[in-house]
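Below: one structure, written as structure tokens.
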Amino acid sequence: MRGRVRAFALAGMAAVAGACAPPEAVAPRPAAPLRETGRVAQSRSPKQDLRLIPAEAYLRTYLRLFGGLSPAEVERRARGDDRSALFDTWEDYLTALGLPDHGLDLPRGAQTNALMMAAFERLGIALCDRALEHDLKASAPVPVERRLIFAFDLPAQDLDAAAFAPRFDVLHRTFLSYPARLAPPDREARFFALYEGTVARHRAKGAPKSRFSPGEAGWAAVCYGLVRHPEFHLY
Amino acid sequence: MRGLGALAGAALLAAAAAASFAPPSAAAGGAAPTLEQYRYYRALSLDLKGRLPTREELAEMESPGFDLDAWIERHLDGPGYVERLTRLYMDVLRLELGPVGLFAPLETTLRRAEVLGPDGERLYVYFRYNQRRLLPLIDGDFCFSEAESGLRGSFAGFTGTPKPISQRLLDERTTVVRPFWLYRDYLSVVPTQRYGAGWKDPDSAYVPLPQLLVEPDGKTPTVEVRVCKEEAQTAEVGRIYASGIPPLPKGAPLPPGRARPPVPEDRYAREHRGEPISCRSALAFAMSVDCGCGIGLEHCLPGDNSGRDPRAFALPAHVPLGIEAPIGAAPHTASGWNRFWWSQEAIHLMQHVFRADRDFREILTGRYTFINGPLAQFYRSSAPAACCGLHRSYGMREDEAPLFLPGAVPPVVAPHDVSDWTFIPDRGPRAAGIVTTPVFLTKYASRRARAAALYSAFLCKSFMAEHAELPPSDEPDLMVRPGCSSCHATLEPLAAYFTRVEETTWTYLPASRFPIENPVCKLNAEGKTGQACQRFYDPDFSSRERGVLRGAYASPAHAERGPAGVAADLTRMPEFASCAVERVTESFLGRPLRDEDGALLRALRERFVSRGYRMRPLVEAIVRAPAYARASNVRPALERGGAAGRGGAERGGGAR
Chain S
149 MRGRVRAFAL AGMAAVAGAC APPEAVAPRP AAPLRETGRV AQSRSPKQDL
199 RLIPAEAYLR TYLRLFGGLS PAEVERRARG DDRSALFDTW EDYLTALGLP
249 DHGLDLPRGA QTNALMMAAF ERLGIALCDR ALEHDLKASA PVPVERRLIF
299 AFDLPAQDLD AAAFAPRFDV LHRTFLSYPA RLAPPDREAR FFALYEGTVA
349 RHRAKGAPKS RFSPGEAGWA AVCYGLVRHP EFHLY
Chain R
18 MRGLGALAGA ALLAAAAAAS FAPPSAAAGG AAPTLEQYRY YRALSLDLKG
68 RLPTREELAE MESPGFDLDA WIERHLDGPG YVERLTRLYM DVLRLELGPV
118 GLFAPLETTL RRAEVLGPDG ERLYVYFRYN QRRLLPLIDG DFCFSEAESG
168 LRGSFAGFTG TPKPISQRLL DERTTVVRPF WLYRDYLSVV PTQRYGAGWK
218 DPDSAYVPLP QLLVEPDGKT PTVEVRVCKE EAQTAEVGRI YASGIPPLPK
268 GAPLPPGRAR PPVPEDRYAR EHRGEPISCR SALAFAMSVD CGCGIGLEHC
318 LPGDNSGRDP RAFALPAHVP LGIEAPIGAA PHTASGWNRF WWSQEAIHLM
368 QHVFRADRDF REILTGRYTF INGPLAQFYR SSAPAACCGL HRSYGMREDE
418 APLFLPGAVP PVVAPHDVSD WTFIPDRGPR AAGIVTTPVF LTKYASRRAR
468 AAALYSAFLC KSFMAEHAEL PPSDEPDLMV RPGCSSCHAT LEPLAAYFTR
518 VEETTWTYLP ASRFPIENPV CKLNAEGKTG QACQRFYDPD FSSRERGVLR
568 GAYASPAHAE RGPAGVAADL TRMPEFASCA VERVTESFLG RPLRDEDGAL
618 LRALRERFVS RGYRMRPLVE AIVRAPAYAR ASNVRPALER GGAAGRGGAE
668 RGGGAR
């Protein structure tokens, strides 16, 4: 009994002491230095970068390259009916492309990321393949002026560097908006090497079966390279 | 390529032009454009047309007579430019609502129950919860009791074992209607133009869900809908009704046949029994048995079930390129339908400011707006339904001073005119740009959120807590409480402008009903007030003599000036113009602004203000400024094989 009285008394004294004490305050304190956990090399790359094309502009450009169609029609054509799974649905790509969702307060993606690059790649390949089918593989030849991307003739024989250049320039203008002659000096040569290598691989004995001829596959590869080029996505 | 060097306002921008990079200049004597000129043109095309240039457009740019000045001027008038600026401000304000907010008022949502007809066939019956009916058995409930239909209704759905309803009862309690969502000519005596058959030119964006178009068997086309008789009424004026049924004593059993207690009798209804009442008032639904959804049920939205937020129409799943180029489609609830069009209203309002090159201040101050069919239906019928609950204790039985006067809606706009947007020159004296749009007032639901959104979006300022001591405090005035005052000294007076716009909604609290100081809401001996007072009057700032309207304590003057006052006051502040200039410049340069941009910003601001706060001269000056051209050429050394580069080679294909 005495013990309980003492306990109550102590509790009471503590409460009184607490009530009389100065109010507890959270004082500002300088943050403690962060503990070093490791070192990485400092990047010396330029920090001011080109701008990412707004997702809306990318979409509008994509629709335009597909012939100025509506999003639904582009999706239908890009998916095709050949079970190639080139294109899923727009809904699968929109967030990855950096479009904001204001309803959910998701901000615009202003920088590239791995998912965005993967979406660019997938959309780009679908565009190149379907455009190639439209421009070069249609049952009735499509006049050059009505072609979507490959607006040049494609001779039956292999192209040399001189014949490659003007055709490459067409694609370069299409995707990068300037003539190939103004590009870094080795760009054309590197893309020609890509073209030649692709043609050779497709022509090699035992090469996997492809719906594209070696020449078509070569141009598709060039198209893939340009539609995924950083200059296409940045400005 | 003529005109690239002809920078408009050269003197104005001379200081900025003195920067190290010269803007792309005219190619001398028809010489081929340089890489910088191509890049400049590409950037212009992206910013003013909204896409990359085509090969044909590049060829046009390369042609000797090409006049870039004229090209810029032409595209400062185009849809790409309008979309660019709208996108900028939509990114800032984020005026879209997520799936959380619910707006399916009982007054204007027709829910649907499935019952059995006389021969056991399944029938849909549309009804409103809480509908007043003369028959006490079903007053405030579905028009068939559980004993009659075998069903008990609730937002969770109808439960029970349905039993056939006799033809006599069906005829007595329901009627058939050709509703607006099925008939283009629903206003005619015998509508014939049914959706999908006879309605020749349905708006492609108006898509009722398939389940609204067929009977319960899933295949018979619906040509008429069966509706409870009270809901189908078309009168514009009814009479106040009081049942005279005494309230159910606590613990007493429910009256025979009723699933819920009788509707509580309203004192006002008892005192004003038999008086005329407008069926378009919020009051009518609760106090009259004469008011329904109007001709063709045009004042209500249909739903495909009896739940809290039933579905009715399909809408685009995404509209990144505008509603004209939708991506995907998805069924939407009544709330989703409203939310979508609220957002589109704000977009149309902004687009008008940019397209017509209106004074940019009108984005906050303009009394005009744009509406389409669903918005007309909302403003005429659903918006007033947001009011009034506890307001009745103050004698306010409907939104007496709405931010958007329903009378401003032209009667000719039909609910299914989805793609036709009508200019409303004046919403009413309390309207203020986007500030009084439903999407802004629900996105930013509290007074403080509304104030902070405007402060941040239009003054380019944000509230940052100071590095201060935080002692315990019961000081209710956040403008003086240590640790809070650094932000709230500014925020509270700004929030006070929204004192009279009820939080989470758009109901305006008029001074005649809600004086800032109200003796009725004074504190009692225990320092408390009644429930009706507590909702609107803040006990922390009230006294034994009077209550103080919530939010008004920081600035009664701001409270009286309302949303139109905040719009007028913000746009008068010098930061308003600076903020607009900084936002647009930063967006077009694609980078944060730096000290070196100071001269450019000063020149741009002067131009913006002197041209009457018009965006077009501002954007024109930006895209002609060297800094803009330079923004697309920030790494020439790397790409052209400079000393810091990679020996002229590029890393092909990889993304940076």
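Protein chains in written order, with my numbering: chain S, 149 to 383; chain R, 18 to 673.
Ideal Cβ positions, reconstructed from N, Cα and C, are used throughout, including at glycine.
The contact set of residue 71(R) on chain S, defined by CB atoms closer than 7 angstroms, consists of 212 in chain order. With three or more CB-CB distances shorter than 8 angstroms, the segment 415 to 431 of chain R counts as touching the segment 521 to 531 of chain R. With respect to the 9 angstroms criterion, residue 127(R) and residue 244(R) are classified as neighbours on the basis of their beta carbons. For residue 365(S), the enclosing alpha helix (DSSP H) has its first and last residue at 362 to 375.
For residue 133(R), the pairing in a beta bridge is given by DSSP as 139(R) and 181(R). The C-alpha of residue 401(R) lies about 7 angstroms from the C-alpha of residue 298(R).
Taking 9 angstroms as the cut-off, the beta carbon of residue 467(R) is found no closer than this to the beta carbon of residue 476(R).
Judged by pairs of C-beta atoms under 8 angstroms, the segment 313 to 321 of chain R touches the segment 185 to 201 of chain R, as three or more such pairs exist. Only exposed fits residue 176(R), as fewer than 16 other CB atoms lie within 10 angstroms of its CB.
When Cβ-Cβ separations below 9 angstroms define contact, residue 201(S) makes contact with chain R. In the structure shown, the three-state DSSP call for residue 510(R) is helix.
Contact check for residue 70(R) against residue 358(S) fails: the beta carbons are separated by 9 angstroms or more. Counting only residues of its own chain and dropping the five nearest sequence neighbours on each side, residue 610(R) has a CB closer than 8 angstroms to the CB of 599, 602, 603 and 618. Each residue's CA atom was taken as its position, placing residue 363(S) and residue 51(R) some 32 angstroms apart.
By the rule that beta-carbons nearer than 9 angstroms mark a contact, residue 309(R) does not touch chain S. Segment contact: the segment 343 to 363 of chain R against the segment 386 to 393 of chain R, three or more CB-CB distances shorter than 8 angstroms; contact assigned. Look at residue 67(R): its C-beta is under 9 angstroms from a C-beta on chain S. In its chain, beyond the 5 residues on either side, 387, 388, 389, 393, 427 and 430 have a beta carbon closer than 8 angstroms to the beta carbon of residue 439(R). Contact annotation: in the segment 89 to 115 of chain R, residues whose CB is within less than 9 angstroms of a CB in chain S are 97, 100, 101, 104, 107, 108, 110, 111, 112, 113, 114 and 115. Per the Cβ contact rule, the segment 508 to 519 of chain R is in contact with the segment 572 to 585 of chain R (3 or more Cβ pairs under 8 angstroms). Each of 215(R), 122(R), 397(R) and 608(R) was checked against the Cα of residue 424(R), and the nearest Cα belongs to 397(R).
The beta carbon of residue 207(S) sits closer than 6 angstroms to none of the beta carbons in its chain outside the five residues before and after it. For the segment 321 to 340 of chain R, the residues whose beta carbon sits under 7 angstroms from a beta carbon of chain S are, in order, 334, 335, 337 and 338. Only buried fits residue 100(R), as 16 or more other CB atoms lie within 10 angstroms of its CB. Taking 9 angstroms as the cut-off, the beta carbon of residue 53(R) is found closer than this to the beta carbon of residue 646(R). Rounded to the nearest whole angstrom, the C-alpha separation of residue 323(R) and residue 522(R) is 24 angstroms. Listed in chain order, the alpha helix (DSSP H) elements of length 4 or more contained wholly in the segment 505 to 580 of chain R are 548 to 553. Residue environment: residue 188(R) is assigned as exposed (fewer than 16 neighbouring CB atoms within 10 Å of its CB, all protein chains considered).
DSSP places residue 272(S) inside the alpha helix (DSSP H), whose first and last residues are 262 to 284. Look at residue 55(R): its C-beta is under 9 angstroms from a C-beta on chain S. Of the other Cβ atoms in all chains shown, fewer than 16 fall within 10 Å of the Cβ of residue 484(R); this residue is therefore exposed.
Contacts with chain R at 9 angstroms (Cβ-Cβ) do not include residue 230(S). The residues 476, in chain order, have a CB closer than 8 angstroms to that of residue 590(R) in the same chain once the five nearest residues on each side in sequence are set aside. Proximity of the segment 323 to 333 of chain R to the segment 270 to 290 of chain R falls short of the contact definition, fewer than three beta-carbon pairs being nearer than 8 angstroms.
Taking 9 angstroms as the CB threshold, residue 238(S) lines the interface with chain R. Residue-level contact check: residue 177(R) does not touch chain S, since none of the beta carbons of chain S fall below 9 angstroms from its beta carbon.
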